[in-house]
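Trainee: Below you will find the structure I want to go over with you.
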Amino acid sequence: MGVLKVIEVLSSSEKSWEDATQKAVEKASKTVKNIRSAYVQDQSAQVKDNKVVEYRVNLKLTFEIE
169 MGVLKVIEVL
179 SSSEKSWEDA
189 TQKAVEKASK
199 TVKNIRSAYV
209 QDQSAQVKDN
219 KVVEYRVNLK
229 LTFEIE
């Protein structure tokens with residue numbers, strides 16, 4: 169195992185927290201290589217008219233530095 173780095177990212181989805189997490193990993197992987205793990209630090213939801221309209225996650229991505 170080499171040197172690992174952790175970055176913090178925010179993401180949202182109209183579907184679910186899982187979808188927000190997947191979107192974050194997919195988007196980050198376009199510029200960050202060797203992602204090893206995603207740790208969901210916080211979850212929240214935006215509510216409008218008594219309904220959840222957006223799921224939000226704050227996560228930490230760990231990746232290996234080449």
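Under our numbering, the letters of the sequence shown match residues 169 to 234, in that order. The beta carbon of each residue, even a glycine, is placed where N, CA and C say it ideally should be.
Using the Cβ count rule (16 or more neighbours within 10 Å means buried), how would you classify residue 179?
Mentor: The count along the sequence shown starts at 1 and reaches residue 179 at position 11. Under this definition residue 179 is a buried residue.
Trainee: If contacts are defined as beta-carbon pairs under 8 Å, then residue 225 and residue 200 qualify, I think. What distance do you get, rounded to the angstrom?
Mentor: For the purposes of this step, residue 225 is taken as the residue at position 57 of the sequence shown. For the purposes of this step, residue 200 is taken as the residue at position 32 of the sequence shown. In fact, because the Cβ distance is near 17 Å, the residues do not count as touching under 8 Å.
Trainee: Using the Cβ count rule (16 or more neighbours within 10 Å means buried), how would you classify residue 172?
Mentor: Residue mapping note: residue 172 aligns to position 4 of the sequence shown, counting from 1. Residue 172 is exposed by the Cβ-count criterion.
Trainee: Leaving aside the five residues before and after residue 177 along the sequence, list all residues of the same chain whose C-beta is less than 7 Å from its C-beta, in chain order.
Mentor: As a position in the sequence shown, residue 177 is number 9, starting the count at 1. Answer for residue 177: 192, 196, 227, 229, listed in chain order.
Trainee: Ends of the alpha helix (DSSP H) at residue 210?
Mentor: Within the sequence shown, the letter at position 42 stands for residue 210. Note, residue 210: premise wrong, no alpha helix (DSSP H); beta strand (DSSP E) at 203 to 216.
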